[in-house]
Structures are given as C-alpha cells and as structure tokens.
Amino acid sequence: MVKLILTADVTGLGGPGDIVEVKDGYGRNYLLPRGLAIVATKGAAKQVEVIRRAQETRRVRDLDHAKEIKASLEGLGSVTLKAKAAAGSKKLFGSITTSDVVSAVRAAGGPTLDKRAVELSGHIKTLGKHSVSVRLHPEVTVSLAVEVAAAS
Numbered sequence: 001m002v003k004l005i006l007t008a009d010v011t012g013l014g015g016p017g018d019i020v021e022v023k024d025g026y027g028r029n030y031l032l033p034r035g036l037a038i039v040a041t042k043g044a045a046k047q048v049e050v051i052r053r054a055q056e057t058r059r060v061r062d063l064d065h066a067k068e069i070k071a072s073l074e075g076l077g078s079v080t081l082k083a084k085a086a087a088g089s090k091k092l093f094g095s096i097t098t099s100d101v102v103s104a105v106r107a108a109g110g111p112t113l114d115k116r117a118v119e120l121s122g123h124i125k126t127l128g129k130h131s132v133s134v135r136l137h138p139e140v141t142v143s144l145a146v147e148v149a150a151a152s
C-alpha cells in the first residue's frame, strides 16, 4: 500500500487534497502517470492545505457554472447520434464512445463537454434510446437521453 495525495477528483476514491492509501500498482500505474495524485511526503502534506484552499475557491465558481451547463443540457432534450448499423438489425458496427456523445451534444447546439465527464452505462452497441450520465461537478450530475439512429 502507498499513501498518495489526490490532485483531482477520482471517482470512488476522493477529491483534490485528500490523502488516500491505495495499492502500489494502482498508484504507480494509473494515478501518478496521469497526474491525478502525488506521493504523500512531509513536504507534500504541507501542500494539501494549499490544494484544498484553491479547490474551494474554484468549487464555488464551478458549482454555479455546472448548474448553468446542467440547465442547457436539460433544455436539449434527446440528442441524436448517427452510427453505422447492420441492415435489418439493431446492432451497430462498433460502439458509441464518450467522444461520440460529446460531438453529438455540440452538434445539437449544446455546450462543449469534457469526454471524461461523460459516463456510459456499459457499451452502447444497439440502435434506440439510451441514458448517459454527465458528471459536471461532484454535486451536479445530469442524465442525458441519447438516441442512436442508423446512418444512411
């Protein structure tokens, strides 16, 4: 086990400034290379307060902004995606990715989203309506209706 200080929100683990203890491989191979955490040393522990203070000032501003984005996403209703599908079947060639969802939202006149904020509930590999979750802020999550249609 290794002690780390998170520098960003990590789903299921914590937020910026949290000191967490994770397995060596998870910390070394995932969190540290992606810049999501730093090794917890005495000097780094002093930085925790600075990270938390900076996060608090951003959080107030971001919460209001996240609520505005949530309102604009809810105003879109259902977002339509075009994808190649087998003739006479509901199966897609490949699957819908988070990048596809972000592009469809932008094309529908919605805000530009970060693809890491989009959470798919499993793989979307069929035509029809699907529900996609968008985590805009730790306190603000939006459920977005996505309709996958066959590309002509």
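Read left to right, the sequence shown gives residues 1 to 152 (UniProt numbering).
The beta carbon of each residue, even a glycine, is placed where N, CA and C say it ideally should be.
Computed from a predicted structure; not experimentally measured.
query: To the nearest angstrom, how far is the alpha carbon of isoleucine 69 from that of arginine 116?; result: 16 Å
query: Three or more C-beta pairs under 8 Å: does that hold for the segment 69 to 79 against the segment 136 to 146?; result: yes
query: Leaving out five residues before and five after arginine 147 in sequence, what residues of the same chain have Cβ atoms less than 8 Å from its Cβ?; result: The question names arginine, but residue 147 in the sequence shown is glutamate. Same-chain partners within the cutoff: Ser78, Val79, Thr80, Leu81, Gly128, Lys129 and His130.
query: Measuring CA to CA, which of Ala151, Glu119 and Gly94 is closest to lysine 125?; result: Gly94
query: Can the beta-carbon of valine 2 be found less than 9 Å from the beta-carbon of valine 48?; result: no
query: Using C-beta distances below 8 Å, list every residue in its chain close to threonine 141, excluding the 5 sequence neighbours before and after it, in chain order.; result: Ser133, Val134 and Arg135
query: Taking the beta carbon of glycine 122 as the centre, do at least 16 other beta carbons fall within 10 Å, making it buried, or is it exposed?; result: exposed
query: With DSSP as the reference, please indicate the residues paired to leucine 120 in a beta bridge.; result: Val132
query: When the Cα atoms are used, what is the spatial distance from lysine 90 to isoleucine 96?; result: 13 Å
query: On the CB-based measure, 16 or more other CB atoms within 10 Å of its CB, does alanine 37 come out buried or exposed?; result: buried
query: Might you give, ordered along the chain, the residues of its own chain that have their beta carbon closer than 7 Å to the beta carbon of glycine 88, omitting 5 neighbours on each side?; result: none
query: Taking only runs that begin and end inside the segment 14 to 79, name each unbroken alpha helix (DSSP H) of 4 or more residues, in chain order.; result: 42 to 76
query: Output needed for aspartate 24: all residues of its chain with C-beta closer than 6 Å, excluding positions within five of it in sequence on either side, in chain order.; result: Val2
query: Quick check on threonine 7: does DSSP put it in helix, strand or coil?; result: coil
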